[in-house]
Structures are given as structure tokens and as C-alpha cells.
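Accompanying notes for the structure given below.
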Ligand code: NCD
Ligand code: ZN
């Protein structure tokens with residue numbers, strides 16, 4: 121099998137032939153001969169890796185499940201997604217990790233990693249053997265998974281160090297979160313101010329030496345605190361493309377909250393100059409009914425796994441985001457951070473790619489997307505969608521829909 125076209129190889133676009141064997145890239149040459157050739161017009165890029173999704177299995181499958189979530193991922197050009205543990209029940213024990221793998225494996229159109237939720241009571245060794253990575257909620261968000269007693273958790277530092285896992289931390293210090301009725305996005309923002317993010321990063325600094333990753337950095341002050349910590353970090357598309365002044369009401373309620381324009385600008389600057397490692401969607405679907413239940417009772421979170429790549433490629437198309445930054449933050453860095461042979465068009469790597477035509481943007485419409493939730497905060501914005509997604513050398517998306525059977529695999533615990 122040979123894929124032919126203008127591909128992003130070793131930092132630039134080159135006309136080449138990519139030979140695929142057993143799902144891996146076997147050779148890259150100017151020309152290659154073979155029976156089965158796929159030729160693409162636009163450009164060929166590595167497929168993306170999303171380090172932060174909530175596919176809601178088990179227990180919350182009215183919002184999403186692995187079939188719909190990975191369908192959305194595949195159509196959005198993502199071939200590996202890392203699923204969060206705030207499910208029902210939460211993914212917090214080795215047994216539940218194993219049950220989860222068994223339950224979702226045959227429904228996954230793309231590869232997946234699984235986070236185990238950490239609390240001060242966690243069986244670290246057992247989780248290290250069953251989960252891909254760890255997630256820690258310093259404050260309560262959706263789901264009942266906040267660390268109760270942080271000082272007790274600090275007592276696990278040696279075990280955590282021995283486990284050597286990637287630890288994604290939701291950095292909001294509960295001491296800075298204010299209760300009270302929220303009626304609008306501004307109220308939600310006021311209840312979870314940027315000082316909570318700063319405080320959360322300071323708490324995380326007490327875990328220095330571990331592989332700490334700051335999930336969804338959202339504020340200018342948070343970025344200042346992040347500098348010099350040596351932590352890796354991610355930004356979400358919603359914090360890049362939206363702010364508290366948008367008119368989406370509870371649909372844009374999310375943790376950490378959408379913030380001010382100056383925060384949004386600071387995030388773009390940090391993203392552009394390399395202070396932020398990756399873009400991850402924090403795809404957190406909730407149903408329309410739940411979001412329309414009144415601002416205060418509406419759950420926080422919004423979908424995004426299918427629109428990350430289209431939104432960013434639209435910036436590339438307009439010349440305001442260098443292609444190298446896109447590939448680094450969406451493909452290369454997340455793969456490197458989790459030791460995956462993905463995210464690059466290079467010999468020995470998984471043959472996971474997307475073909476895109478930068479001349480053909482289209483409007484983002486919830487009706488065209490695949491999350492079960494049926495809405496998107498990016499409705500009407502312009503995006504460049506993949507024309508096709510190639511997963512281990514096979515086309516799994518054609519004309520905006522998935523084809524074939526789910527063949528995604530659990531990436532496992534050795535990461
Ligand atoms: C997440 C969700 O809905 O699962 N919501 C969110 O606002 N980000 C929970 C979370 O990870 O904070
Ligand atoms: Zn999340």
C-alpha cells in the first residue's frame with residue numbers, strides 16, 4: 121500500500137510516496153512502485169492525538185459513548201484519544217480500568233489511552249499496571265473525583281514517582297472557588313477566578329519531579345505561574361477561540377471558565393511561541409436538555425474533539441498560524457509526551473495521516489458532526505476538515521463519515 125502526495129515530512133512539505141506495511145510507515149521515497157496507490161491532491165499531515173476527552177463510558181452514555189466519541193475523533197482527524205476517568209462509576213481502581221478496556225475496545229474507531237483518577241486512597245501500583253496515565257482533580261468539577269486531602273496525596277509522592285506515569289492535573293485550587301448562584305458566564309468566571317488557576321499550579325509544584333502536565337491552561341496569570349515549573353501544558357480550542365463575552369450562555373459554561381479577552385490573547389501568544397506544548401480538546405459533551413436546564417444547574421463542559429483540527433487548520437489557511445506549530449502541538453508533542461510511535465510521517469511510525477485541502481474551508485455545523493450531544497460552541501465558524509483520515513494505513517473516513525469496522529486499540533499501560 122502506497123500513499124502519494126505532498127506530505128509534511130521532517131518539518132516541510134514534500135512530494136513523496138509513503139509505503140505502508142502492517143499499519144506502519146515502512147519507507148518514504150520520491151517514487152515507489154506498488155499495486156495499491158492512494159493519491160491525494162491537497163496536503164498530507166500526520167493525524168492528531170487528543171490528550172483530553174470525555175467519552176462518558178461507563179454510565180453517562182446518554183451524552184457520548186466510545187462509538188460516537190471515536191467516530192467524531194476520526195472525522196476530525198484524531199487517531200488517538202485519551203479518555204478521562206470522571207465516569208459513573210469513575211475509573212479509579214485497577215478492576216474498573218480492566219472492565220473499561222473490555223467494554224470499550226470493540227467500539228473504538230481510533231486508538232485510545234485511559235486515565236485513572238487519582239485520590240489520596242488510590243492503589244498507585246495497581247493503577248500503574250492498568251491505566252495509560254493519571255488524572256488529578258485538585259477541585260471538584262463535573263463528576264465526583266476531586267482530591268479530598270491534598271496533604272495526604274503528597275504522602276504518595278514516592279509511589280507516584282516509582283510509577284513514573286504522566287499525570288494530567290486539573291489546576292484549580294478549591295480554596296479560591298466561591299459558591300453562590302451563577303446566572304451568566306461572568307458569574308461563573310467570578311466564581312472560579314484566575315487566582316484559582318494560579319493556586320492550583322502552586323499546589324502542583326509540590327509534586328515537582330513527577331511528570332506533571334497542566335491540563336487546559338486558561339489565564340494570563342496562570343501562564344506566568346507556569347513559566348519555570350518545567351511542567352508540560354495544554355490549551356483547549358474553546359479557550360483559544362472563545363471568551364466570556366460570547367453569547368452562548370450555559371452552553372459555554374466550562375471549567376476552567378472562559379475568561380477575558382486579554383487571557384485569550386495571552387494564550388494565543390504562548391501557543392504561538394512554544395510555551396504551551398499541546399492543544400487538547402477537553403471534549404466534554406452534555407445534552408442540550410442538560411445545558412438548557414438553567415444556567416446554575418447546567419453542567420460545565422463542551423464538545424470539541426471533531427473541531428480542534430478544523431479550527432486550527434483554518435488559522436493555517438489564513439496564514440496566522442505556522443503549519444509547524446500546528447503539527448507540533450496537535451501531533452508531535454502529544455505523541456512524544458506519551459511515548460507513542462505516532463504524530464509524525466516517519467519510517468517506523470504508525471501510518472496515521474489526514475489529507476486536507478487548505479483551499480476548501482467550510483462552516484462548522486452541529487448537523488455535520490458526530491458527537492451524540494448534537495451541538496457545538498463553534499457553530500457557524502469556518503473550519504478546514506480532513507478529506508480523509510488514514511489509520512494504520514487504512515482509510516477510516518471518507519466523505520465525512522467513518523467506514524469499516526472499529527479497529528482502535530488500547531494503547532495500554534506502558535507509557
Ligand atoms: C468536564 C466534564 O464535563 O466532564 N467539564 C468541564 O467543564 N471541563 C469535567 C472536567 O474535566 O472538568
Ligand atoms: Zn476535562
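Numbering (our numbering), first residue to last: 121 to 535. No residue lacks a Cβ here, since even glycine has one placed at the ideal position from N, Cα and C.
What is the DSSP secondary structure of residue 172, reduced to helix, strand or coil?
Position 52 of the chain shown, counted from the first residue, corresponds to residue 172. Three-state result, residue 172: strand.
What residues in its chain sit with their C-beta under 6 Å from that of residue 265, if we drop five residues either side in the sequence?
Mapped onto the chain shown, residue 265 falls at position 145. Closer than 6 Å at the Cβ level, and outside the excluded window around residue 265, lie 206, 210, 237 and 257.
Heavy atom of the ligand NCD less than 8 Å from the Cβ of residue 235, yes or no?
Residue numbering aside, residue 235 sits at position 115 when the chain shown is read from its first letter. At a threshold of 8 Å, residue 235 does not count as near the ligand NCD, since its beta carbon sits no closer than that to any of the ligand's heavy atoms.
Using DSSP bridges, identify the partner residues of residue 343.
Residue mapping note: residue 343 aligns to position 223 of the chain shown, counting from 1. Residue pairing from DSSP leaves residue 343 without any beta-bridge partner.
Kindly indicate the opening and closing residues of the beta strand (DSSP E) around residue 231.
Here residue 231 refers to the residue found at position 111 when the chain shown is read from its first residue. Element bounds for residue 231: 231-237.
Tell me the residue span of the beta strand (DSSP E) that contains residue 517.
Taking the first residue of the chain shown as position 1, residue 517 is located at position 397. It spans 514-518 - the beta strand (DSSP E) in which residue 517 sits, taken as one unbroken run.
For the putative contact between residue 371 and residue 411, defined by C-beta atoms under 8 Å, what is the C-beta separation to the nearest angstrom?
Residue 371 sits at position 251 when you count from the first residue of the chain shown. Residue 411 sits at position 291 when you count from the first residue of the chain shown. Confirmed, Cβ separation roughly 5 Å.
Quick check: what's the CA-CA separation for residue 305 versus residue 368?
Your numbering for residue 305 matches position 185 in the chain shown. Your numbering for residue 368 matches position 248 in the chain shown. Distance between the alpha carbons of residue 305 and residue 368: 9 Å.
Taking 7 Å as the limit between beta carbons, can you name the residues of its chain near residue 380, skipping five residues before and five after?
As a first step, residue 380 must be located in the chain shown, where it is residue number 260. The answer, listed in chain order, is 363 and 364.
Does the region 348-361 come close enough to the region 329-336 to have 3 or more Cβ pairs within less than 8 Å?
yes
Would you mind sorting residue 216 into buried or exposed? The rule is 16 or more other CB atoms within 10 Å of its CB.
Sequence index remark: in the chain shown, residue 216 carries index 96 (1-based). Buried, because 16 or more other Cβ atoms sit within 10 Å of the Cβ of residue 216.
Residue 476: which of 286, 214 and 133 sits nearest, CA to CA?
Along the chain shown, read from residue 1 onward, the residue named residue 476 stands at position 356. Measuring from the Cα of residue 476, the nearest candidate turns out to be 133.
Mapping the DSSP letters down to three states, classify residue 470 as helix, strand or coil.
Residue mapping note: residue 470 aligns to position 350 of the chain shown, counting from 1. In this structure, residue 470 counts as strand in the three-state DSSP scheme.
Let me confirm a value: residue 189 is counted as buried when at least 16 other C-beta atoms fall within 10 Å, else exposed. Which label applies?
Position 69 of the chain shown holds residue 189. Result: buried.
So does residue 192 have its beta carbon nearer than 8 Å to some heavy atom of the ligand NCD?
Taking the chain shown and counting its residues from 1, the one referred to as residue 192 is at position 72. False, no ligand heavy atom lies under 8 Å from that Cβ.
Quick check on the DSSP output: the alpha helix (DSSP H) that includes residue 195 runs from which residue to which?
Working through the chain shown from its first residue, we reach residue 195 at position 75. Start and end: 186-195.
Rounded to whole angstroms, what is the Cα-Cα separation between residue 247 and residue 509?
Here residue 247 refers to the residue found at position 127 when the chain shown is read from its first residue. Here residue 509 refers to the residue found at position 389 when the chain shown is read from its first residue. Their backbone Cα atoms lie some 32 Å apart in a straight line.
Of the choices 145, 271 and 229, whose alpha-carbon is the least far from that of residue 175?
Sequence index remark: in the chain shown, residue 175 carries index 55 (1-based). Selected option, being the one with the closest Cα: 229.
I need the straight-line Cα distance from residue 186 to residue 494, nearest angstrom please.
Against the chain shown, residue 186 aligns to sequence position 66. Against the chain shown, residue 494 aligns to sequence position 374. Here the C-alpha atom of residue 186 lies approximately 15 Å from the C-alpha atom of residue 494.
Work out the CA separation of residue 359 and residue 122 for me, nearest whole Å.
Sequence index remark: in the chain shown, residue 122 carries index 2 (1-based). Sequence index remark: in the chain shown, residue 359 carries index 239 (1-based). So the alpha carbons of these two residues sit roughly 39 Å apart.
Is it buried or exposed for residue 523, if we count other Cβ within 10 angstroms and need 16 for buried?
Against the chain shown, residue 523 aligns to sequence position 403. That one is exposed.
If we ignore side chains and look at the alpha-carbon of each, how far apart do residue 316 and residue 425 end up?
Sequence index remark: in the chain shown, residue 316 carries index 196 (1-based). Sequence index remark: in the chain shown, residue 425 carries index 305 (1-based). Distance between the alpha carbons of residue 316 and residue 425 is about 26 Å.
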